[in-house]
Ligand code: HAM
């Protein structure tokens, strides 16, 4: 027997019984973001490595350790995208979309070679939005309000919002100098990773999960104390907007994010229900990135949510996955008439999920299949019904019920009702 091959570690199949839950999330997300005027964009999964180096930053975990980067047969250095923002900016620039403000959303798989665990995968999925050309705190507020609306639509109640401002480049440089002094003064307490970061990307030390560093990090200066007038006003206006709409938040001066392109607003939605991988959605402002990738100065802000992490939180019991009806046919005449009947029912009831039995067999066998399919109704076509132009209908769920013989129109009415109740 040839050896069976398996999916790559950290990369998962979404099986048919799981797909409706993905669709449930994706449908809600799409409805919410399109309700705010965001338009979908789809970009390739492969991009030049250089794009991610120049946007996410050379000295970040993602670029240094986690990218699936390789040389293709033509010698080009390519990478599977580890996130969507860089691709979005690249495409928006390439197609001249940034002459005016844009609200864009995307979804799809992203790839990072991290150590797999619950909530952390090597192929995972994001749904993200990016807004370009809008500099004020009103758009920061809009995207956060939009995420809250999505949590409400999905019935998620225990997510908390953390916020910070990273200021602008000058403010961060002043902060960085003081932070480095502070960390140097405690260098013996640092671990290897943090000592290295101290030289290359000291703000990332604040994000260390090493408990031994907690005290040093807690005693570090706070970025918020370094904000100038304009950054402070921007941040205060965002906070006031959140207060006004009634969205609770915690200002976390240690929230720095793992990608280098951010300035001013950064935020994360976090849950305690998923253990270490509790951030379900994250984003912020990145006013410098478009210019860094060769465009004109263009303010920008966005977020991405982790589909798998959110799916882990959703109550799936109310999501219906089975078909509305399963059509069984008994007898030669009925078997010949069934496909035609099924098509007329599909014509009459848009969106109907109707499974037709294939392969014949006894009534018992067909009925068993109908029940196993999870259908709400069994439609039974015998030779008599086929001759009379009727069909019998038996509820299979919710306590069952009597089998009734229905005219075509009556069957259509029952199926419409079943479809609508889904
Ligand atoms: P990020 O924080 O790297 O930001 O990822 C956003 C979200 O994707 C995370 O909060 C998490 O839910 C999910 N995620 C990240 N890595 C994994 C993984 N290995 N397994 C499962 N889920 C994961 C970005 O990607 C930015 N592009 C967000 C953004 C958009 N900022 C501005 N616009």
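Numbering (our numbering), first residue to last: 83 to 504.
Glycine is no exception: its CB is placed at the ideal position from the N, C-alpha and C atoms.
Here the structure is a predicted model, which is why all the values come from computation and not from measurement.
Based on Cα-Cα distance, which residue from 390, 371, 443 and 504 lies nearest to residue 101? Closest in alpha carbon position to residue 101, among 390, 371, 443 and 504, is 390.
Quick one: residues in its chain with C-beta nearer than 8 Å to the C-beta of residue 217, no 5 flanking neighbours on either side, listed in chain order? Once the five neighbours on either side are set aside, the close Cβ partners of residue 217 are 369 and 381.
So, with DSSP's three-state summary, where would you put residue 334? Coil.
By the 10 Å Cβ neighbour count, where 16 or more other Cβ atoms means buried, how is residue 224 classified, buried or exposed? Label assigned to residue 224: buried.
Contact test: residue 203 Cβ vs the ligand HAM heavy atom, cutoff 6 Å: Under cutoff, so the answer is yes.
Taking the alpha carbon of residue 248 as the reference point, which residue from 353, 227 and 305 has its own alpha carbon closest? The shortest CA-to-CA distance from residue 248 to any of 353, 227 and 305 is the one to 305.
Measuring CB to CB, does residue 222 end up less than 7 Å from residue 383? Yes; because the gap between Cβ atoms is below 7 Å, this pair is in contact.
Would you kindly work out how many angstroms separate the C-alpha atoms of residue 537 and residue 182, rounded to a whole number? With the chain represented from 83 up to 504, any question about residue 537 goes unanswered, as that position is not in the structure.
State whether the region 399 to 415 contacts the region 462 to 476, with contact taken as three or more CB pairs (one from each stretch) at a distance under 8 Å. The region 399 to 415 is in contact with the region 462 to 476.
Could you compute how far the alpha carbon of residue 185 sits from the alpha carbon of residue 385? Distance between the alpha carbons of residue 185 and residue 385 is about 12 Å.
Classify residue 83: buried if its beta carbon has 16 or more other beta carbons within 10 angstroms, exposed otherwise. Exposed, by the Cβ-count rule.
Confirm, please, whether the CB-CB distance from residue 129 to residue 159 is below 7 Å. With respect to residue 129, residue 159 sits apart: the two C-beta atoms are not nearer than 7 Å.
Residue 402 (DSSP reduced to helix, strand or coil): Reduced to three states, the DSSP call for residue 402 is coil.
Does the ligand HAM have a heavy atom nearer than 6 Å to the CB of residue 298? It does not: the Cβ of residue 298 is nowhere closer than 6 Å to a heavy atom of the ligand HAM.
Got a sec: does the ligand HAM put a non-hydrogen atom nearer than 6 Å to the Cβ of residue 487? No; taking the cut-off as 6 Å, the Cβ of residue 487 has no heavy atom of the ligand HAM nearer than that.
Cβ-heavy atom distance, residue 234 to the ligand HAM, below 6 Å: Because no heavy atom of the ligand HAM lies under 6 Å away, the Cβ of residue 234 does not count as near it: no.
For the ligand HAM, I want to know if residue 115 counts as a neighbour, meaning its beta carbon is within less than 6 Å of at least one of the ligand's heavy atoms. No.
Tell me which residue opens and which closes the beta strand (DSSP E) that residue 518 is part of. This structure cannot settle anything about residue 518, because the visible part of the chain is limited to 83 through 504.
Cβ-based burial, residue 292 [other Cβ within 10 Å; buried from 16]: Taking every protein chain shown into account, the CB of residue 292 has fewer than 16 other CB atoms within 10 angstroms, so this residue is exposed.
Taking three-plus beta-carbon pairs below 8 Å as touching, is the region 488 to 495 in contact with the region 440 to 449? Touching, no.
Going by DSSP in three states, residue 96 sits in which element: helix, strand or coil? Assigned with DSSP and collapsed to three states, residue 96 falls in coil, not helix or strand.
Unbroken beta strand (DSSP E) runs of length 3 or more, entirely within the region 236 to 275: which are they? If only uninterrupted beta strand (DSSP E) runs of at least 3 residues are considered, those enclosed by the region 236 to 275 are 242 to 247.
Alpha-carbon spacing of residue 347 relative to residue 503, whole angstroms: When rounded, the distance between both Cα atoms is 42 Å.
Would you call the CB atoms of residue 150 and residue 166 closer than 7 Å? Between residue 150 and residue 166, the gap from beta carbon to beta carbon reaches 7 Å or more.
Can residue 281 be considered in contact with the ligand HAM, in the sense that its beta carbon sits closer than 6 Å to one or more heavy atoms? In this structure, the C-beta of residue 281 stays at least 6 Å away from each heavy atom of the ligand HAM.
Could you tell me if the beta carbon of residue 165 falls within a distance shorter than 6 Å of some heavy atom in the ligand ADP? This structure does not include the ligand ADP; its bound ligands are the ligand HAM.
Who are the near neighbours of residue 207 in its chain, counting only those whose CB is closer than 6 Å to its CB and skipping five residues on each side? Closer than 6 Å at Cβ, skipping near neighbours: 191 and 389.
If you draw a straight line from the alpha carbon of residue 421 to that of residue 99, how long is it in whole angstroms? Rounded to whole angstroms, residue 421 to residue 99 spans 25 Å at the Cα level.
Would you report the Cα separation of residue 120 and residue 243, rounded to the nearest angstrom? In a straight line, the C-alpha of residue 120 is about 22 Å away from that of residue 243.
Cβ of residue 193 versus every heavy atom of the ligand HAM: is any distance shorter than 6 Å? It does not: the Cβ of residue 193 is nowhere closer than 6 Å to a heavy atom of the ligand HAM.
Can the beta-carbon of residue 170 be found less than 7 Å from the beta-carbon of residue 108? In this structure, residue 170 keeps its C-beta atom at 7 Å or more from the C-beta atom of residue 108.
Could you check whether the Cβ of residue 336 sits closer than 6 Å to any heavy atom belonging to the ligand HAM? Every heavy atom of the ligand HAM is 6 Å or more from the Cβ of residue 336, so no.
For residue 454, would you say it is in contact with chain C, using Cβ-to-Cβ distances shorter than 7 Å as the test? In the structure shown, chain C cannot be found, because there is only a single protein chain.
At 4 residues or longer, what runs of the alpha helix (DSSP H) sit wholly inside the region 272 to 309? Inside the region 272 to 309, DSSP marks whole alpha helix (DSSP H) runs of 4 or more residues at positions 274 to 282 and 296 to 300, from first to last along the chain.
Does the count of Cβ pairs from the region 330 to 344 and the region 354 to 370 closer than 8 Å reach three? Output reads yes: the region 354 to 370 touches the region 330 to 344.
With a threshold of 6 Å, establish whether the CB of residue 377 neighbours any heavy atom of the ligand HAM. Flag unset: Cβ of residue 377 not near the ligand HAM.
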